[in-house]
Every structure is written in C-alpha cells, then in structure tokens.
Amino acid sequence: MIDICFVCTGDTCRSVMAERIARKKATERNLDYTFTSAGFFADEENISENAKLALKQLGYDYSDRKSVKLTKTNAKTLYVCVTKAHADLLKGAKVISFSSLAGDVADPYGQDLQTYIKVAKQIEENVDVLLNKIEKLRSEV
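For the sequence shown, numbering that gives the first Met the number 0 assigns the number 0 to the initial residue and increments by one for each residue that follows.
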C-alpha cells in the first residue's frame, strides 16, 4: 500500500480536491493507495463551496469535511505539494510537487466557480502524471 498526502496552504481547496480526484482515479485503476490531504495553515474550516461545486460538476466526491493541519510527517507517506514553494517547506520527508509533474496549481481561494473548475482540471492532469509515474516505477522493480 502506498500512502499519499496532498499538501497546500489551508486544505480547503487544492489539496482536498487532489485527494478526492486521486482517490477516484486510483479506484478506477484498481490501485491500492490511500490518500489524505493537509494544509500548513489549516484551521478546521469546511471545504470551500466552489471546490465542492467543481468536484460535483466533474464527478468527484464533494462532501463536507474539515481541513486538517499538517503538524508532523510520517516516513512512510509520500507528500505531494501543490506548489514547489509548499514542497520547499517540508524538510526530511518524501516530497514532490506538482511543479515536477504537470505544473504548480495556483490558489483559487475566493474566486469564481470557473476558476475552481480550471484548477480541478489542472489537478486531474497532475494526478494522472503522478499515478502513471508511480505505476511505472513499481513495474520496474
């Protein structure tokens, strides 16, 4: 089993969308991975309304949940940060960023639904690249 945690600032938009997108895509591929998300400055806020609407429109789980603050890392978890700047903050952990996959994802917080949908689609691309890379590496072992 592979444990993957998506990380952003507040865990109300990008990281939680990545978690849900990845969970569905992994299930569709019959991959036995676990996905979580967290934020450096999360404060137990609900997932943002436009994040929920974007997820719903694109066919993903859009249920409420409180944001989770990243307080410590686990050596067995792969941390996937939505930007290189986030990855630079995590020292001593297994970390990659979307910038090394299909590109950083800008924060849509407070913007309109179309922006959130655009961000969700960028996250989909990053998740596809991530899952493909992991599967390729696993097949080479």
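Idealized CB from N, CA, C, for every residue including glycine.
### Message
Can you find the residues in the same chain that come closer than 6 Å, C-beta to C-beta, to Asp143, ignoring five residues on each side of it along the sequence?
### Response
The requested residue 143 is not part of the displayed model; the chain covers only 0 to 140.
### Task
Within its chain, find whatever has a CB closer than 8 Å to the CB of Val128; leave out the 5 residues flanking it on each side and keep chain order.
For the purposes of this step, residue 128 is identified with residue 129 of the sequence shown, where counting begins at 1. Here the set comprises Leu100 and Ala101.
### Task
Report back the beta-carbon spacing between Asp60 and Leu54 to the nearest angstrom; my notes put them in contact at under 8 Å.
On the sequence shown, residue 60 is found 61 positions in, with the first residue counted as 1. On the sequence shown, residue 54 is found 55 positions in, with the first residue counted as 1. At roughly 7 Å, the Cβ-Cβ gap stays under 8 Å, so Asp60 and Leu54 are in contact.
### Task
Evaluate the contact criterion for the region 80 to 99 versus the region 41 to 50: three or more CB pairs, one atom per stretch, below 8 Å.
no
### Message
Can you tell me whether Val6 is helix, strand or coil according to DSSP?
### Response
Counting from 1 along the sequence shown, the entry for residue 6 is found at position 7. In the structure shown, Val6 sits in a strand (DSSP, three-state: E or B).
### Query
beta strand (DSSP E) containing Val79: first to last residue?
The residue given as residue 79 occupies position 80 in the sequence shown. Start and end: Thr76 to Cys80.
#### Entry: C-beta contact flag for Lys68 and Ala41 at 8 Å
As a position in the sequence shown, residue 68 is number 69, starting the count at 1. As a position in the sequence shown, residue 41 is number 42, starting the count at 1. The answer is yes: Cβ separation under 8 Å.
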